[in-house]
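Note that the protein sequences, when read in sequence, are chains A and B. Sequential numbering from 8 applies to the first sequence in this note's numbering. Sequential numbering from 4 applies to the second sequence in this note's numbering.
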Amino acid sequence: MDIRFVFARAKRGFRDDLSLHVVAIASLVVAFLCLGTALLGVENLTRIADRWSHSQHLTLYLRDDARETEVAQLRLVLESLGEVRKVEHITSEAARKLFAEQTHMGNSMSDLPTEAFPASLEIELRPEAASDRVNKLTERLRRFSAVEDVENYRSFLGQFRGLLDTGRSAALLLSLLVMVCVVAVIGNTIRLAVASRRREIEVLKLCGATDSFVRSPFVLEGVIQAVSAASIAVVILLAGYLFAHQHIETTLSALTGVGMTFLSPWTIAVTLVAAGVVGALGSAWSLRRYLQV
Amino acid sequence: MANSVSDSDPPNPRRQVSFFRSKHAGDGTSVRKPILVMEEVYKYFRRDVPTLRNINLVIERGEFVFVTGPSGSGKSTLLQLIYRQHPVDSGRILFSGRDISRLTDRSIPFLRRNLGIVFQDFKVVPHWTVFENTAVSLEILGTNARLVRSRVAATLERVGLAGRGNERTENLSGGEQQRVAIARAIVTEPALLLADEPTGNLDPQLAIDILTLFEEIHAAGTTVVFATHDHSLLQSAPHRLVVLDEGRVIEATHGLRAWAARSEPRTASNG
């Protein structure tokens, strides 16, 4: 079978049923947009989780009444530890100023009380510091009288990972729903196309066309529909991402420590290929019963 | 396995194309055999009343055969058995010496590539152009685009539609649409051309024109089986006549006059 004829006949099919195919592609774009948004969310949350799990960082919140000598002594103790690479003292005023800079909140923060931004020691650990050593260090630091609390971000990370797993499951479920949607939309579109091109199929079969010859342009039409819809959805999603990136990137990276990223080329490629395969399966499945002439 | 037409194919209208898989390939003697043999063929659509009964018929290569008879006599069914729209219920049909009555569904397309079929209702795709409707038979064979263009152009000229390839078929008259259907049927130079009441939807003058076109195709070497109940056509062309009545072949003779001579007294006595 000459592939050029398959393309020529698929093109003829699009020409003959243009409005039908446009409506189908528009429906599929919505489905792929939902899937793309979910994938984008999951990918970014995964990056945040990875970043946080690899960050060797402790925040040691100081009591409001902690004396400077106590803080200085605490710094000396910390800097003498082998796991610690760097210690930085952030005063209450510095914390407020830093947050205002990172979030561009400016004057709107003036109503917040002083205790909303406690003074802290930000401790950067060496990357090789073992997790159990960090936990033990956290416990020891809590016993110092100048220390209000120690945050090693482990419990928060555990909760965040739980949330992320739920998000992944939801994205997987959404992927399955989208695939079912793609099969249904393409299947119904191809069925309508077959009905409107009944005479064409009859002529082909009477001229000696095999089932695969008759079927191939319809399958190709299904593939083109799905891949076009997925590509359009990716472009729309990219436009949305660039818009959001401009407006919330700074705040988001200040809050999470990680910048926003778009879907990886690998994810886009897999989505397009999966769309093509599902499109082909959807149209082939819908054609099974409609080739008898 | 069907041959495909290629640049190197000689322009031989009697070219044979194998429609069996390679293990059933012929022995090379098929050219000497009658093109079509029907032996004790029966076809039932209702269990108690056969539509065709005990059909025995031999059609030689290069013949022009009229199949006639009243409506419901089985003319269309006879042709449908040849292009395997339906299987026979008993008996066998040999096409170029090969039994087509037991073909598997997968082999039927390869049989049809050896046949040209023309129908009363034209069966052209109305929104396709004349070129697209004609070229489809060659596209199925996988013929390359350049050869498709040249063969379609030559065939359209042959059927009187030269230079009209780009017109949409639905804009043509009935007679022109039937010419498109004939072009599609002969563009592959089939071994056998089947015509099922091809003039049934046309006025008498157009019917004569179409018959003349079939005779020209026949004169170029193609075997033609032409089903019609139009007596004026039968009278205008002196070809072999196969007469069907209630599913039986009641005459297989040359010329209408002999049949008419035999049937008239019976018709008179019936009347």
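Yeah, the Cβ is synthetic: ideal placement off N, Cα and C, and Gly gets one too. Everything numeric in this text was worked out from a predicted model, so none of it was measured.
Test: residue i CB closer than 8 Å to a CB of chain A
i: B/Val227; result: no
i: B/Pro112; result: yes
i: B/Glu142; result: yes
i: B/Lys126; result: yes
i: B/His89; result: no
i: B/Arg182; result: no
i: B/Arg116; result: yes
i: B/Ile120; result: yes
i: B/Gly145; result: yes
i: B/His130; result: yes
i: B/Val139; result: yes
CB contact below 8 Å: residue i versus chain B
i: A/Thr173; result: no
i: A/Val30; result: no
i: A/Leu35; result: no
i: A/Val201; result: no
i: A/Asp23; result: yes
i: A/Val226; result: no
i: A/Phe220; result: yes
i: A/Leu211; result: yes
i: A/Asp9; result: yes
i: A/Phe12; result: yes
i: A/Gly20; result: no
i: A/Ala216; result: yes
i: A/Arg295; result: no
i: A/Arg58; result: no
i: A/Arg206; result: yes
Which of helix, strand or coil DSSP assigns to residue i
i: B/His232; result: coil
i: A/Arg198; result: helix
i: B/Thr132; result: strand
i: B/Lys126; result: coil
i: B/Phe113; result: helix
i: A/Leu211; result: helix
i: A/Phe269; result: coil
i: B/Leu159; result: helix
i: B/Asp102; result: strand
i: A/Val49; result: helix
i: B/Val91; result: coil
i: A/Leu27; result: helix
i: B/Leu97; result: strand
i: B/Thr107; result: coil
i: B/Glu173; result: helix
i: B/Arg251; result: strand
i: A/Thr173; result: helix
i: B/Gly31; result: Any reading at B/Gly31 needs caution, since the residue's pLDDT is 47, under 50, leaving its predicted position unreliable; the model's value is listed next. Correct three-state label for B/Gly31: coil.
i: B/Thr226; result: strand
i: B/Arg167; result: coil
N-terminal and C-terminal residue of the beta strand (DSSP E) that residue i is part of
i: B/Phe122; result: Leu118 to Phe122
i: B/Val61; result: Val52 to Ile62
i: B/Arg182; result: B/Arg182 -> not in any beta strand (DSSP E); alpha helix (DSSP H) instead, spanning Gly177 to Ile189.
i: A/Val241; result: Run containing A/Val241: none in the beta strand (DSSP E); it sits in the alpha helix (DSSP H), Asp218 to Thr263.
i: A/Thr66; result: His64 to Leu69
i: B/Lys46; result: Leu39 to Arg49
i: B/Val245; result: Arg243 to Asp248
i: B/Val70; result: Phe67 to Thr71
Residue i - containing alpha helix (DSSP H), residue span
i: A/Ala276; result: Pro272 to Leu294
i: A/Gly20; result: Ile10 to Asp23
i: B/Thr146; result: Premise fails: B/Thr146 is in no alpha helix (DSSP H) and is neither H nor E.
i: B/Ser79; result: Lys78 to Ile85
Contact with chain D by residue i, beta-carbon distance below 8 Å
i: B/Val162; result: The question asks about chain D, but that chain is absent: this structure's protein chains are A and B.
Stretch pair the region 13-26 of chain A + the region 208-225 of chain A: three plus CB contacts closer than 8 Å | Touching, per the Cβ criterion.
Examine the Cβ distances between the region 70-80 of chain B and the region 90-98 of chain B and report whether three or more of them are shorter than 8 Å.
-> In the pairwise beta carbon analysis, the region 70-80 of chain B is classified as not touching the region 90-98 of chain B: fewer than three pairs are separated by under 8 Å.
Would you check if the region 141-151 of chain A and the region 162-171 of chain A touch, i.e. whether three or more CB-CB distances between them fall below 8 Å?
-> With a cut-off of 8 Å on Cβ pairs, the region 162-171 of chain A is not in contact with the region 141-151 of chain A, counting fewer than three such pairs.
Are the region 250-261 of chain A and the region 35-46 of chain A touching by the rule of at least three beta carbon pairs closer than 8 Å?
-> No, the region 250-261 of chain A does not touch the region 35-46 of chain A.
Which runs of the alpha helix (DSSP H), 4 residues or longer, sit entirely within the region 76-156 of chain A?
-> The qualifying runs are 99-110 and 138-149.
Do three or more CB pairs link the region 99-119 of chain B to the region 186-193 of chain B at distances below 8 Å?
-> Yes: the two stretches touch, three or more of their Cβ pairs being nearer than 8 Å.
For the region 184-223 of chain B, list the beta strand (DSSP E) runs that are entirely contained and at least 3 residues long, ordered along the chain.
-> Along the region 184-223 of chain B, the beta strand (DSSP E) occurs as fully enclosed runs of 3 or more residues at 195-199, listed in sequence order.
At least three beta-carbon pairs within less than 8 Å, the region 203-220 of chain A to the region 258-278 of chain A = Because the criterion of three Cβ pairs below 8 Å is not met, the region 203-220 of chain A and the region 258-278 of chain A do not touch.
Is the region 212-230 of chain B touching the region 130-137 of chain B in the sense that three or more CB pairs, one from each, lie closer than 8 Å?
-> Taking 8 Å as the limit for Cβ pairs, the verdict is that the region 212-230 of chain B does not touch the region 130-137 of chain B.
Looking at C-beta atoms only, is the number of pairs between the region 82-96 of chain A and the region 153-169 of chain A that lie closer than 8 Å three or more?
-> Under the Cβ criterion (8 Å, minimum of three pairs), the region 82-96 of chain A does not count as touching the region 153-169 of chain A.
Below 8 Å, can you find three or more Cβ-Cβ pairs linking the region 201-219 of chain B to the region 178-185 of chain B?
-> With the cut-off at 8 Å, the region 201-219 of chain B and the region 178-185 of chain B touch.
Give a yes or no on contact between the region 276-295 of chain A and the region 228-247 of chain A, applying the rule of three or more CB pairs nearer than 8 Å.
-> Counting Cβ pairs under 8 Å, three or more are found: they touch.
With contact counted as at least three CB pairs below 8 Å, one residue from each stretch, are the region 35-46 of chain B and the region 236-249 of chain B in contact?
-> Taking a contact to require three or more Cβ pairs closer than 8 Å, the region 35-46 of chain B and the region 236-249 of chain B do not qualify as touching.
Do three or more CB pairs link the region 209-223 of chain B to the region 147-160 of chain B at distances below 8 Å?
-> Contact fails: fewer than three Cβ-Cβ distances are below 8 Å.
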